[in-house]
Amino acid sequence: GAVVSQHPSWVICKSGTSVKIECRSLDFQATTMFWYRQFPKQSLMLMATSNEGSKATYEQGVEKDKFLINHASLTLSTLTVTSAHPEDSSFYICSARETVQETQYFGPGTRLLVL
Amino acid sequence: AQTVTQSQPEMSVQEAETVTLSCTYDTSESDYYLFWYKQPPSRQMILVIRQEAYKQQNATENRFSVNFQKAAKSFSLKISDSQLGDAAMYFCAYRSIFQGAQKLVFGQGTRLTINP
């Protein structure tokens with residue numbers, strides 16, 4: 009099946025620093041990738057949709073200057089949390105949409121803890 | 009806008025028995041996709057099953073099958089011969105088929121416990 013990797017799986021950082029999370033589709037090309045945030049015992053909240061080679065589309069209420077998304081190739085998207093604060097601590101999940109069947113496959117997630 | 013509702017926050021079932029998870033959705037579109045995803049304790053989201061609305065036949069994947077009732081806008085998931093590894097959060101999701109409509113709309117999730 010289609011595999012999506014995410015790196016790192018765990019990150020702890022100090023308040024005010026920036027953190028980059030990578031999302032890769034390993035065995036398929038993905039023109040569209042998605043970034044989600046998930047709070048404990050809740051559903052996934054879509055943050056933004058990124059299309060390869062163009063600017064990401066952010067959901068209402070998501071600060072685009074704080075959550076920078078780059079989708080430079082058909083297999084890689086990155087999410088950078090800039091000037092992270094403790095309230096940004098969360099579980100971040102990426103997904104990539106496979107072109108033929110248009111099914112979304114998910115990465116294993118990144119747990120971010122901002123001290 | 010489309011919405012997805014999972015009315016059962018938690019369900020439990022004895023190992024080897026059958027359980028059905030409910031999902032209803034609201035849409036004005038005639039064609040769309042529906043999905044069930046599983047999120048085990050590892051938190052990796054795994055696709056369980058997919059259904060195209062234009063197909064009348066219910067999708068099946070081994071022990072997993074759906075009961076798709078288009079008129080009622082219902083999309084329930086049946087798990088037969090439940091196994092301990094089936095314990096997870098299950099999310100129902102909707103996606104429009106129209107070009108440009110890309111995002112999944114998720115339900116709130118149902119936590120499934122398997123009792124040995």
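So the sequences go chain by chain: Y and W. Heads up, the numbering used here is the position in the first sequence plus 8, with the first residue counted as 1. Heads up, the numbering used here is the position in the second sequence plus 8, with the first residue counted as 1. Using N, Cα and C, we set each Cβ at its ideal position, and we do this for glycine too. Predicted model only: the values in this text are computed from it and were never measured.
Item: DSSP state of Asp34/W mapped onto helix, strand, coil; Value: strand
Item: Check whether Leu8/Y and Cys31/Y have beta carbons under 9 Å apart; Value: No statement about residue 8/Y is possible, as the shown extent of chain Y runs from 9 to 123 and does not include it.
Item: Distance, Tyr45/W Cα to Ala10/Y Cα; Value: 14 Å
Item: At least three beta-carbon pairs within less than 8 Å, the segment 18-32 of chain W to the segment 81-88 of chain W; Value: yes
Item: Buried or exposed (CB count within 10 angstroms, at least 16 for buried), Asp94/W; Value: buried
Item: Residue range of the unbroken beta strand (DSSP E) whose run includes Ile57/W; Value: 54-60
Item: Residue-chain proximity (Arg32/Y, chain W), Cβ-Cβ < 9 Å; Value: no
Item: Buried or exposed (CB count within 10 angstroms, at least 16 for buried), Thr13/W; Value: exposed
Item: Every unbroken beta strand (DSSP E) inside the segment 29-56 of chain Y [3 residues or more]; Value: 40-46
Item: N-terminal and C-terminal residue of the beta strand (DSSP E) that Ala104/Y is part of; Value: 98-105
Item: Short CB-CB distance (under 9 Å) between Arg105/Y and chain W; Value: yes
Item: Neighbourhood of Thr40/Y by C-beta, 6 Å cutoff - its chain only, sequence neighbours within 5 removed; Value: Asn59, Arg105
Item: Element boundaries [beta strand (DSSP E), containing Leu29/W]; Value: 27-29
Item: DSSP bridge partner residues for Ala10/Y (one or two, in chain order); Value: In the DSSP output, where bridge partners are listed per residue, Ala10/Y has none listed.
Item: Reduced DSSP secondary structure (H/G/I, E/B, other) of Leu82/Y; Value: coil
Item: Cutoff 8 Å; reference Phe75/Y; Cβ partners in own chain excluding five residues on either side; Value: Trp43, Met55, Ala56, Tyr66, Leu87, Thr88, Val89, Thr90
Item: Length of the line joining the Cα atoms of Ser103/Y and Gly117/Y; Value: 9 Å
Item: Contacts around Thr35/W, its chain only, beta-carbon distance under 6 Å, and the 5 residues preceding and following it disregarded; Value: Gln10
Item: Cross-chain neighbours of Leu52/Y in chain W, by beta carbon under 7 Å; Value: Phe114
Item: Interface flag, Tyr113/Y vs chain W, CB-CB below 9 Å; Value: yes
Item: Per DSSP, cross-strand counterpart(s) of Leu42/W; Value: Gln59/W, Tyr102/W
Item: Ile101/Y at chain W interface by Cβ criterion, 9 Å; Value: yes
Item: Three CB pairs or more closer than 8 Å across the segment 14-22 of chain W and the segment 20-29 of chain Y; Value: no
Item: First and last residue of the uninterrupted beta strand (DSSP E) at Arg119/W; Value: 118-123
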